[in-house]
Amino acid sequence: MSPSKLDSTDSFGHEEASVSCSKPENGCVDSLSIFHSEKAVEELLQQTPVAGMDEHLIEFSEALRTVAKALRRAAEGKASAQAEAAEWKRRYELERTRNIQMERKVSGNNNCEMLQHWWIRSSLDNAMDMLRIMLPCLFFWEVGKEQNKRIAEARMAEQFSAEKNGDIDCERVKNSDNQSMLQNESNEYSETGCMKHGIWSHEVLRDRESDSNSNADRNKIMRKASFKLSWWCNGENGDQHKHDIVSFERGNITTAERSSKQISLKWESDPQTVLILTKPNSVSVRILCVQMVRWLRERKKLNVYVEPRVKVELVAESSNFSYVQTWKDDSEISHLHMKVDLVITLGGDGTVLWAASMFKGPVPPIVPFSLDSEHFKDCLDSVLRGPISITLRHRLLCRVVRDAAKNEYETEEPFLVLNEVTIDRGISSYLTNLECYCDNSFVTCVQGDGLILSTTSGSTAYSLAAGGSMVHPQVPGILFTPICPHSLSFRPLILPEHVTVRIMVPFNSRSPAWASFDGKDRKLLAAGDALLCSMAPWPVPTACQVDSTNDFLRSIHDGLHWNLRKTQSFDGPRDRDL
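Numbered by full-length UniProt numbering, the letters in the sequence shown go through residues 1 to 578 in order.
Encoded structure:
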């Protein structure tokens, strides 16, 4: 616990008193005169007492102190009222935006109703003709349904009597109350056999048709209730992912193919263009870049893009590198994803972060090389031939909403973050005061040095140093990690990927906050400003040496020396055999 934090906490009342009495708008216009009056009273008290005046001076001094306390309380109440008014303003804007969206939906539904009424009026005669044709069909269908019902009841009675005689299947249970339900389940899953250790296999729970007519008749009479699952985000339904996550036919919820399983990239056409990004001011990287550019052009016949700085270095070394392409200004960088098939980085993690920050939308596959990559030819040959294992590293989409904005859609230029966004106190000596919301639900108020919102790829970076957990990069989620919180019970969180996190600086905060995105592009967050963070739709695909899990475990073992300790000696005392 730093001395600055203790001082800022312990001296809360005195500092606030001095601050509140120095601002005219807080109702403390006469506080300075009050202070001088108290000082004059103290001087009078120290002088030779006058008969009959001591008690009056003491009462007058106490009255002045009471007035000063009342003024301080009024200033505190005004600050609290301002914060509450800003919160109600924000809620009003959110409700107004929702009402506008609902009005648009209602207007669209009214148009559909008008078209429906027109169609009914215009096709009334056709509908009457259809009814004349369908009524006889419905009559004969009801007759056939009644006959099938009688046949099915007779078969069930026969099977029930057979069960009493001891012919019970391995899937049946001796329970008369649940016998009809278990009979339906045994018929439905008879092709796959019984349960093993009380757990159904994945094939048993899949939806399949029965080949037997008798099973089909019984399923028509008694079958499990069906239902539908839907996914929603921000109040809007969407079923685009339901079949990728679970299967829910016949009332059974089972996990389907996972979206986070190992992903393999296979080229449908040969790559044509490669972008090489290098670490600056490194002699070994420059030598490796020269060898790689020459090999890609002469052996693989690929178009090579480099940064303007790198092209100047290559041309200065040899005029034979004139075929290397680059861009002239930053406006061309936004179109690189349409030209480049593959990105190669020569450096460390910082070079990968730089490569990801260049693409504000879709990102081509990235192949990272370290500084000691001697066998790059074999590796690149395997990548260009394919298929290769890749890891989809999620990014955060961050937007700053100022207090003067009319709604949350009026934001500044967004930032895409691969590791983390950090909200800290900057150079201020006061504790950071941040209000945190998750999909409009209040989470907590952060009081400490700051807060880290990290991706799972950034879980081994700043978030780990602040006490966060290490998470596999293909686990979708947002890490919520406090920085030196002034609380013993403030533990880190991992939030789901579909939520939107809003960090707001309250109006009663002692100082502003600062936000930095992957360690750069710092932004000032004044009182009333907010930072919105959600999962970006454009992940960063990075090539794996083996697979995503193997690479992750090797990185925490080699890079962080995770759980590295000396092995316990084996020649010590042992437990005796029992």
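For every residue, glycine included, the Cβ atom is placed at its ideal position computed from N, Cα and C. Since we're looking at a predicted model, the values are computed, not measured.
Distance between residue j and residue i (C-alpha atoms, nearest Å)
| i | j | result |
| --- | --- | --- |
| A404 | T411 | 10 Å |
| A536 | T391 | 16 Å |
| Y409 | P365 | 31 Å |
| V29 | E59 | Unreliable placement is indicated for V29, whose pLDDT of 41 sits below 50; no coordinate value is reported for it. |
| V324 | V312 | 10 Å |
| V315 | A461 | 37 Å |
| L488 | S454 | 22 Å |
| residue 579 | G559 | Limits of the chain in this structure are 1 at one end and 578 at the other, which puts residue 579 out of reach. |
| Q262 | H561 | 25 Å |
| M504 | Q447 | 13 Å |
| residue 580 | E76 | Given that the chain is displayed from residue 1 to residue 578, the structure contains no residue 580 and the question cannot be resolved. |
| R395 | Y92 | 31 Å |
| R98 | N440 | 13 Å |
| A527 | L94 | 19 Å |
| H375 | S382 | 11 Å |
| I384 | D270 | The sequence as given places Leu at residue 384; Ile does not occur at that position. Going by the C-alpha atoms only, they are around 7 Å apart. |
| residue 630 | P476 | This structure does not reach residue 630, given that the chain is present from 1 up to 578, and the question cannot be answered. |
| R65 | E55 | 16 Å |
| S319 | L380 | 25 Å |
| A154 | G144 | 16 Å |
| S555 | C544 | 12 Å |
| T326 | E497 | 36 Å |
| P485 | M102 | 41 Å |
CA nearest to the CA of residue i, picked from the options
| i | options | result |
| --- | --- | --- |
| P362 | E87, L342, C379 and Q291 | L342 |
| S516 | R155, T326, L416 and K145 | L416 |
| V340 | Q272, D558 and S441 | Q272 |
| T500 | R393, C436, S61 and R554 | C436 |
| L302 | R309, P308 and V293 | V293 |
| T351 | K279, Q568, P573 and V383 | K279 |
| I333 | C379, W354, T481 and R104 | W354 |
| S322 | W267, V290, L434 and G386 | V290 |
| P506 | L296, C445, N281 and A154 | C445 |
| G467 | A356, R491 and L346 | R491 |
| V283 | W327, E307, L346 and E268 | L346 |
| A513 | Q101, M102, G426 and L57 | G426 |
| K377 | P541, W295, Q101 and S80 | W295 |
| N550 | S463, Q474 and A79 | Q474 |
| H557 | M470, R576 and K523 | M470 |
| V421 | S463, D449 and N281 | S463 |
| F359 | M338, E317 and T456 | M338 |
Boundaries (first-last residue) of the beta strand (DSSP E) holding residue i
| i | result |
| --- | --- |
| Q447 | S441 to S454 |
| N550 | First-last for N550: S548 to D558, but that is the alpha helix (DSSP H), not the beta strand (DSSP E). |
| L434 | T432 to C438 |
| D424 | E420 to D424 |
| A527 | No beta strand (DSSP E) contains A527, which DSSP labels as neither H nor E. |
| R399 | L396 to V401 |
| L342 | L342 to L346 |
| R574 | Per DSSP, R574 belongs to no beta strand (DSSP E) and is neither H nor E. |
| L392 | I388 to R393 |
9 Å Cβ cutoff met for residue i and residue j
| i | j | result |
| --- | --- | --- |
| C533 | I478 | yes |
| D547 | S370 | no |
| A83 | N508 | yes |
| D571 | N419 | no |
| I423 | L531 | yes |
| D521 | R402 | no |
| S428 | S511 | yes |
| C438 | P414 | no |
| V285 | V304 | no |
| I344 | V367 | yes |
| W267 | P387 | yes |
| L277 | E307 | yes |
| L525 | V443 | no |
| P541 | L265 | yes |
| L434 | T481 | no |
Residue range of the unbroken alpha helix (DSSP H) whose run includes residue i
| i | result |
| --- | --- |
| R286 | V283 to E298 |
| P308 | P308 to E317 |
| C379 | F376 to R385 |
| S463 | Y462 to A465 |
| T567 | T567 -> no alpha helix (DSSP H), and no H or E assigned at all. |
| R353 | For clarity, residue 353 is Leu in the given sequence; the question names Arg instead. Segment D349 to M358, the alpha helix (DSSP H) holding L353. |
The ligand ATP heavy atom lying under 8 Å from the CB of residue i
| i | result |
| --- | --- |
| R98 | This structure lacks the ligand ATP, and indeed carries no ligand of any kind. |
Beta carbon proximity, residue i to chain D, threshold 9 Å
| i | result |
| --- | --- |
| D329 | Here chain D cannot be found, since the structure has a single protein chain. |
Runs of beta strand (DSSP E) lying entirely within the segment 471–519, each at least 3 residues, in chain order: Runs of the beta strand (DSSP E) lying entirely within the segment 471–519 and spanning at least 3 residues, in chain order: 478–485, 493–495, 501–504 and 513–517.
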